[in-house]
Amino acid sequence: MKITSTIPAVLLGLAPLSAAVSVSGAAEGFASGVTGGGDAEAQIPSDIDELKEWLTDDTPRVIVLDKEYDFTESEGTTSGTVCASWGTGDGCQKIIQDDCGDSPSSQATWYTAGTTGIDVASDKTILGDGDKGVIKGKGLRFRDGVSNIIVQNIEISDLNPEYVWGGDAIYFDGSDLIWIDHVTTARTGRQHYTFGYETNTRITLSNNFINGETTYSTGCDGYTYWGFEMVGEADQITLQNNYIYMTAGRSPALSGGTLLHAVNNVWEKNNGHALEGGEAAARGIFEGNAWVGVSTIVGDYAGRLFNTPDSSSAGDCESALGRACEVNAVSDSGSLTSYTDTSFFSDFSGLTIAPATSATEAQSNVPNNAGMGKL
């Protein structure tokens, strides 16, 4: 009798998981239409080994994270030479490399797991349960042709933050149709988001919290320099409704042949510069964004850029987006230099375009609704 009465209880216990923990909303922008693991049964991995197995296998899956999955010590440690390239103070990052040149060098030990992300396979949905889904000490990688992946409502944090090359939170290199939504990234050794040289198409990063506040930084001041590195050969990225906080550069580094639509993002407390990029093939439309307390909005930038500086230029976006752009907003920041290059607007043809609200609305709503636990 005990066995018979227990089975319904177990089944009833499983039902709320599928009902309560599911994808919220749908991707807008370039990753529109992504389905991830689709209708696969939602499952909770018991530990880091099962989580890694499910992320990397060939089975379409909906994976629910209901706790902290701590990879920090799972692969032991590595020792080597680090260079004090930015200073020797307690809050200064060091860089892992053999040749320090004129910079002071020392020996250090870091956690091996953080330096290499988990290679996520195609057709996966990764969901956090409330504010409990955390991957600590290891990032995620999307490369070698993977596609159709959703990551929503999780945190990735604590990847050897003292050391550059200590770990990227999220890494793309040769991927397609991926939606990263309501994800918090914090205390990374290197980038919060890295796009490698292999082309990444139909990517949407939305409602994410890029938390740049860190104990170790290149400025030795608690502001991370390592935000977004975009160097793909022909990447297509929608950057929508993200809160980019306490960065000092690479926010983003728009380079390679990347095509970027940056809409309704909020940058706050940046003591260096936001946008940079060293390659002429990079292209970006920025609209409806807000820069709050940003020292320099555009640093050294070599690509083509349209940043909707005023209402008189907003209508020019019609040929690229099928509508007028929203004007950007600036407060307590450096000036927004006017960039109105429209020569690349035909490159948006055939892509799904994210909608836009006003920069004022974004500034009011995005900081309170971005990141894990804010669905």
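As numbered in mature numbering (1 follows the signal peptide of the UniProt record, and there is no 0), residues -20 to -1, 1 to 355 make up the sequence shown, in order. A virtual CB, placed ideally from N, CA and C, is assigned to each residue, including glycine.
What does DSSP give as the partner residue(s) for Q216 in the beta ladder? As a working note, residue 216 is residue 236 in the sequence shown. According to DSSP, which records beta bridges pairwise, Q216 is partnered with L239.
With a cut-off of 8 Å on the beta carbons, I'd call A214 and S235 a contact; round off their distance for me. For the purposes of this step, residue 214 is identified with residue 234 of the sequence shown, where counting begins at 1. For the purposes of this step, residue 235 is identified with residue 255 of the sequence shown, where counting begins at 1. Rounded, the Cβ-Cβ distance is 12 Å, inconsistent with contact.
Please say whether A242 and G212 have beta carbons closer to each other than 8 Å? Within the sequence shown, residue 212 is the residue found at index 232, counting from 1. Within the sequence shown, residue 242 is the residue found at index 262, counting from 1. In this structure, A242 does not lie closer than 8 Å to G212 by Cβ.
Quick check on this structure: which residue in P84, G117, V42, D79 has the alpha carbon closest to the alpha carbon of G56? Locating residue 56 in the sequence shown gives position 76, where the first residue counts as 1. The residue among P84, G117, V42, D79 with its C-alpha nearest the C-alpha of G56 is G117.
Alpha carbon of M210 to alpha carbon of G237, nearest angstrom: As a first step, residue 210 must be located in the sequence shown, where it is residue number 230. As a first step, residue 237 must be located in the sequence shown, where it is residue number 257. So the alpha carbons of these two residues sit roughly 9 Å apart.
Grab me the residues of D124's own chain with a C-beta within less than 6 Å of its C-beta, minus the 5 sequence neighbours each way, in chain order. As a working mapping, residue 124 is identified with position 144 in the sequence shown. Contacts found: G154.
Residues near N348 in its chain [Cβ-Cβ closer than 6 Å; skip 5 each side]: For the purposes of this step, residue 348 is taken as residue 368 along the sequence shown, with counting starting at 1. Nothing meets the Cβ criterion.
With DSSP run on the structure shown, which of helix, strand or coil describes T36? Here the question's residue 36 lines up with position 56 in the sequence shown. Helix at T36.
Where C63 falls: helix, strand or coil (DSSP): For the purposes of this step, residue 63 is identified with residue 83 of the sequence shown, where counting begins at 1. C63 falls in the strand class under three-state DSSP.
Compute the Euclidean distance between the alpha carbons of P84 and I76, then round it to the nearest angstrom. Residue mapping note: residue 84 aligns to position 104 of the sequence shown, counting from 1. Residue mapping note: residue 76 aligns to position 96 of the sequence shown, counting from 1. In a straight line, the C-alpha of P84 is about 12 Å away from that of I76.
Entirely enclosed beta strand (DSSP E) segments - the stretch 245 to 289, minimum 3 residues: Counting only runs of 3 or more, we get 246 to 257, 263 to 267, 270 to 281, 284 to 286.
Determine the DSSP secondary structure at T195, reduced to helix, strand or coil. What you label residue 195 is simply residue 215 of the sequence shown in a count that begins at 1. Note: T195 maps to coil in three-state DSSP.
To which residues of the same chain is D99 closer than 7 Å at the C-beta, ignoring the five residues directly before and after it? Start at 1 with the first residue of the sequence shown, and residue 99 comes out as number 119. Here the set comprises T36, R121, R123.
Contact defined as beta carbons within less than 8 Å: I believe T337 pairs with G268. What is the distance between those atoms, to the nearest angstrom? Walking along the sequence shown from the start, residue 337 turns up at place 357. Walking along the sequence shown from the start, residue 268 turns up at place 288. Correct: roughly 6 Å between the Cβ atoms.
Name the one or two DSSP bridge partners that C72 has. Position 92 of the sequence shown, counted from the start, is the residue given in the question as residue 72. C72 is bridged to S197.
Residues that S85 bridges to, as DSSP identifies them: Taking the first residue of the sequence shown as position 1, residue 85 is located at position 105. C63, per the DSSP bridge assignment.
Keeping to the same chain, check which residues put their C-beta closer than 7 Å to that of E48; ignore five residues upstream and five downstream. As a working note, residue 48 is residue 68 in the sequence shown. Taken in chain order, the residues that qualify are V114, K116.
Nonlocal neighbours in the same chain, by C-beta distance under 8 Å from E8, ignoring five residues either side: Numbered from its first residue, the sequence shown carries residue 8 at position 28. Same-chain partners within the cutoff: T184, S186, T218, Q220, T332, A334, P335.
Alpha-carbon spacing of L45 relative to G18, whole angstroms: Along the sequence shown, read from residue 1 onward, the residue named residue 45 stands at position 65. Along the sequence shown, read from residue 1 onward, the residue named residue 18 stands at position 38. Using only the alpha carbons, I get a separation of about 17 Å.
Relative to the C-alpha of R170, which residue among S26, I150, V163, W159 is closest? Position 190 of the sequence shown, counted from the first residue, corresponds to residue 170. Selected option, being the one with the closest Cα: I150.
Which class does I28 belong to by DSSP, given the choice of helix, strand or coil? Walking along the sequence shown from the start, residue 28 turns up at place 48. In the structure shown, I28 adopts helical secondary structure according to DSSP, grouped into three states.
Could you check which residue in N133, D82, W206, E298 has the C-alpha nearest to that of C63? Within the sequence shown, the letter at position 83 stands for residue 63. Among N133, D82, W206, E298, the Cα nearest to that of C63 is on D82.
For Y177, count neighbouring Cβ atoms within 10 angstroms of its own Cβ and tell me buried if that reaches 16, exposed if not. Within the sequence shown, the letter at position 197 stands for residue 177. Label assigned to Y177: exposed.
Do the stretch 190 to 206 and the stretch 312 to 331 meet, that is, are 3 or more Cβ pairs less than 8 Å apart? no
Please list the segments of the beta strand (DSSP E) lying wholly inside the stretch 131 to 192, counting only runs of 3 or more residues, in order along the chain. Correct list: 135 to 139, 150 to 153, 156 to 161, 164 to 168, 173 to 175, 181 to 186, 189 to 191.
Measure from the alpha carbon of V126 to the alpha carbon of each residue in V14, Q343, I43, L240, then state which is nearest. By 1-based counting over the sequence shown, the position of residue 126 is 146. It is V14 whose Cα lies nearest to the Cα of V126.
Take the Cβ of D29 as the centre, count every other Cβ of all protein chains shown within 10 Å, and call the residue buried at 16 or more, exposed below. Along the sequence shown, read from residue 1 onward, the residue named residue 29 stands at position 49. That one is exposed.
Coarse secondary structure for L331, derived from DSSP in three states: Counted from its first residue, the sequence shown places residue 331 at position 351. Note: L331 maps to coil in three-state DSSP.
Reducing DSSP to helix, strand and coil, say where G351 ends up. Within the sequence shown, residue 351 is the residue found at index 371, counting from 1. Of the three classes helix, strand and coil, the one that applies to G351 here is coil, per DSSP.
Consult DSSP for T95 and reduce its assignment to one of helix, strand or coil. Residue mapping note: residue 95 aligns to position 115 of the sequence shown, counting from 1. Correct three-state label for T95: helix.
Straight-line CA distance for D70 to G119? Your numbering for residue 70 matches position 90 in the sequence shown. Your numbering for residue 119 matches position 139 in the sequence shown. In a straight line, the C-alpha of D70 is about 25 Å away from that of G119.
Under a three-way DSSP split, which group does F325 fall into? The residue given as residue 325 occupies position 345 in the sequence shown. Correct three-state label for F325: helix.
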